[in-house]
Amino acid sequence: MKKLLLLLLLTGSGFMASAQYYPVKFGFRAGGTYATFSGYSYGGSEAQMKYRPSFFAGATVELLFSESFSIESGLSYVS
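Residue numbers for the sequence shown follow the working numbering, beginning at 10 and rising by one.
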């Protein structure tokens, strides 16, 4: 059976830094959170929950087309 992993960030704190070279804006995010992980099986009643401190870090790139339109993309890692 396939398993589905859900991540719910309950509370967290961190920081974000960015630099802008128009029309591209680069950013970095990092911090800590308290996460809930739940594993579910399709067609079954199996479920697991874990509460633990977790660290996250990520980088973003935003393309600015105008003051009201932009596209943001990024990658994040959660431990």
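Note that the Cβ used here is the ideal one computed from N, Cα and C, for glycine as well.
All values reported here derive from a predicted model rather than from experimental measurement.
Assumed close pair PHE65, GLY40 - CB separation to whole angstroms, cut-off 8 Å: Right, the Cβ-Cβ distance comes to about 6 Å (below 8 Å), so this counts as a contact.
Quick one: measure Cβ to Cβ for PHE78 and PRO32, integer angstroms, because I've assumed they're closer than 8 Å. Contact annotation, PHE78 with PRO32: C-beta distance approximately 11 Å; criterion of less than 8 Å not satisfied.
Please name the residue in LEU84, ILE80, GLN29 whose C-alpha comes closest to that of GLY67. Its Cα nearest to that of GLY67, the residue LEU84 stands out among LEU84, ILE80, GLN29.
Sort out for me which residues DSSP pairs GLU71 with in a bridge. BP columns for GLU71 point to LYS34, GLU81.
THR20 versus THR42 - alpha carbon distance: Reliability of the predicted coordinates at THR20 is poor, the pLDDT of 47 falling under 50, and no value is obtained from them.
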